[in-house]
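Below is one structure; the comments refer to it alone.
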Amino acid sequence: YIKAGLFIKGNLQEKPSEMPIIFHHATGKPVEYLKEYSYRYPASGIGALTNGIRGTTNHRDGRWQGFFGNNVEVIIDMGEEIPVKSVSVTFLRNSRSWIFLPGMVEFSLSSNGKKWHSIYEKRNPLSGKEERAIIQPFSNSYPEGSVARYVRVKGYARGNCPDWHDGKGEKCWMFLDEIVVY
Numbered sequence: 417y418i419k420a421g422l423f424i425k426g427n428l429q430e431k432p433s434e435m436p437i438i439f440h441h442a443t444g445k446p447v448e449y450l451k452e453y454s455y456r457y458p459a460s461g462i463g464a465l466t467n468g469i470r471g472t473t474n475h476r477d478g479r480w481q482g483f484f485g486n487n488v489e490v491i492i493d494m495g496e497e498i499p500v501k502s503v504s505v506t507f508l509r510n511s512r513s514w515i516f517l518p519g520m521v522e523f524s525l526s527s528n529g530k531k532w533h534s535i536y537e538k539r540n541p542l543s544g545k546e547e548r549a550i551i552q553p554f555s556n557s558y559p560e561g562s563v564a565r566y567v568r569v570k571g572y573a574r575g576n577c578p579d580w581h582d583g584k585g586e587k588c589w590m591f592l593d594e595i596v597v598y
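The sequence shown stops at residue 598 when you use our numbering, and every number in between is there.
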């Protein structure tokens, strides 16, 4: 946690603010975007997916990166080969705001950034009709001895709002936040 408060002459002026931070192998590591995020929802920019900060169910909290009508494809360079025990990412669904979960998420590992081993593909397990905002994790554990320098995460976009939605046929959003590697 990071905890901060306003002090004047040594006296705390109000309740301190707290923010949980997740420390993991990818924290602070560079992210290469093969598909760019939208300028409208950049979160904290190119480091947002590895900054250790999770988003809330409020898509305007400044922690979510939004992709409008496009797939997500990012590669994290760990700097060197490391043991990989698990990879996870969270997506936001808020259909009232035209934000939908990906149709499928894929994780791949590589030692050289050229030859990839797709080791996780998961279809979206939820129906999109519910309007309540939710945070949906996608995660996978790997067998002991798994190593990689590069971790690739793909989120396959729905593309357009579904037939039951007010925005039927229009482009929709996909929002993600922290990619966690242990």
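Ideal Cβ placement from N, Cα and C applies to all residues, glycine included.
Beta-carbon proximity list for residue i, same chain, < 6 Å, skipping 5 on both sides
i, result
"residue 549", "473, 510"
"residue 450", "489"
"residue 517", "507, 509, 540, 552"
"residue 593", "470, 471, 479, 480, 506"
Beta-bridge partners of residue i, as assigned by DSSP
i, result
"residue 568", "491, 524"
"residue 584", "According to DSSP, residue 584 bridges with nothing at all."
Beta-carbon proximity list for residue i, same chain, < 8 Å, skipping 5 on both sides
i, result
"residue 542", "509, 517, 550, 552"
"residue 456", "482, 484"
"residue 421", "428, 429, 430, 431, 432, 433"
Extent of the continuous beta strand (DSSP E) to which residue i belongs
i, result
"residue 503", "502 to 509"
"residue 433", "433 to 435"
"residue 448", "447 to 449"
"residue 420", "418 to 420"
"residue 483", "481 to 484"
Per-residue DSSP class, three states only, for residue i
i, result
"residue 592", "strand"
"residue 465", "helix"
Beta-carbon proximity list for residue i, same chain, < 7 Å, skipping 5 on both sides
i, result
"residue 576", "585, 586, 587, 588"
"residue 557", "501, 502"
Runs of beta strand (DSSP E) wholly within the segment 514 to 562 (minimum 3 residues, chain order): The qualifying runs are 520 to 526, 533 to 539, 550 to 557.
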